[in-house]
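Asks:
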Amino acid sequence: MQINTCRAVVTGGASGLGEATVRKIIQNGGRAVIFDQSEEKGLQLQTELGEAVFFIKADVTKEEDIQEGVHQAADYMGSINTVVNCAGIGIAEKVIGRNGAHNLSLFSKVIHVNLIGSFNVIRIAAAVMTGNEVNEQGERGVIINTASVAAFDGQIGQAAYSASKGGIVGMTLPIARELARYGIRVMTIAPGLFHTPMFDTLPQEAKDSLGKMVPFPSRLGYPNEYAQLVQSIIENPMLNGETIRLDGAIRMQPK
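Residues in the sequence shown are numbered consecutively from 335, following our numbering.
1. If you count every other CB in all the chains shown that lies within 10 Å of the CB of residue 474, and 16 or more means buried, which is it?
2. Could you tell me the alpha carbon to alpha carbon distance between residue 553 and residue 396, rounded to whole angstroms?
3. Rounded to a whole number of angstroms, what is the C-alpha to C-alpha distance between residue 594 and residue 426?
4. Note down, in chain order, each residue of its chain lying with its Cβ closer than 8 Å to the Cβ of residue 531, except the 5 sequence neighbours on either side.
5. My parser needs the beta strand (DSSP E) runs of 3 or more residues fully inside the stretch 516–582; what are they?
6. What runs of the beta strand (DSSP E), each 3 residues or longer, lie entirely inside the stretch 337–392?
7. Compute the Euclidean distance between the alpha carbons of residue 398 and residue 416, then round it to the nearest angstrom.
8. Grouping DSSP H, G and I as helix and E and B as strand, with all else coil, what is residue 506?
9. Quick one, are the C-beta atoms of residue 582 and residue 550 less than 7 Å apart?
10. Grouping DSSP H, G and I as helix and E and B as strand, with all else coil, what is residue 451?
11. Hey, how far is the Cα of residue 405 from the Cα of residue 437?
12. Verify whether the separation of the beta carbon atoms of residue 443 and residue 491 is less than 7 Å.
13. Among residues of its own chain, excluding the 5 on either side of residue 571, which ones have a beta-carbon nearer than 8 Å to its beta-carbon?
14. Measure how close the beta-carbons of residue 287 and residue 366 come, nearest whole angstrom, since I'm counting them as under 8 Å.
15. How many angstroms separate the CA atom of residue 457 from the CA atom of residue 546?
16. Residue range of the alpha helix (DSSP H) that residue 400 falls in?
17. Thinking C-beta only, is residue 419 closer than 7 Å to residue 345?
18. Do you know how far the Cα of residue 559 is from the Cα of residue 529?
19. For residue 425, write down the residues that DSSP places opposite it in a beta bridge.
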């Protein structure tokens, strides 16, 4: 599938990795619908990029939001053949911390947003994709999820985050196997340290210090580099059922 034929839903598309993905798709002639809870940023991006982009305020954990949003997106673009799941949250809390045991509701929230939210979008969008006409290579669509290197080498305090991202990695292959009969590919990207809004509150010195942890290039990743990989996955039909680390060879230390 070529990126200029993309009719994409991008969750978390109003900022960070999702925003970079939306920009990449539009710059290359595709169309995108942003699912995000930040109405201000989403509408700002819609205004900037024009008619090829449409914003829908949606919570990925809510079935009714995604059911309605996916069908709105399909009506707006004529179809959906691409999903990029970038919506997610991160917390840091030890299993046994200064205030006692890990807050269970906080653990559940991270799993609910990152893992269940991604699956919610996958299942509803995939059902719509099965109705697409196949292209010359027999494809009906591609789904790209966002995990993290924390899925493999999570640090102290990342039990909830690592579990949520590990779940995304774990469901990639079985979903790819199931959707293969429909010509729908499923891939996951596991980014390392990337310059996203999560890092905006840090002083430059702290950002530089984190960047030096990366073997090469020794810096934080740029969101556009994530978007470049999204494009490669979209355009390479043999990429299916796999998780790709995008991390400059970093392997996270315990803390």
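Note that CB positions come from ideal geometry on N, CA and C, so glycine has one too.
Note that the structure is predicted; figures quoted are calculated from it, not measured.
Replies: Checking against the coordinates, here is how it stands:
1. buried
2. 36 Å
3. Since the first and last residues shown for the chain are 335 and 589, residue 594 lies out of range.
4. 349 and 350
5. 518–525 and 577–580
6. 341–345, 365–370 and 387–391
7. 20 Å
8. helix
9. yes
10. helix
11. 36 Å
12. no
13. 335, 471, 473 and 519
14. In the structure as shown, the chain starts at 335 and stops at 589, and residue 287 therefore has no counterpart that could be examined.
15. 39 Å
16. 397–411
17. yes
18. 11 Å
19. Answer is none; residue 425 lacks a bridge partner.
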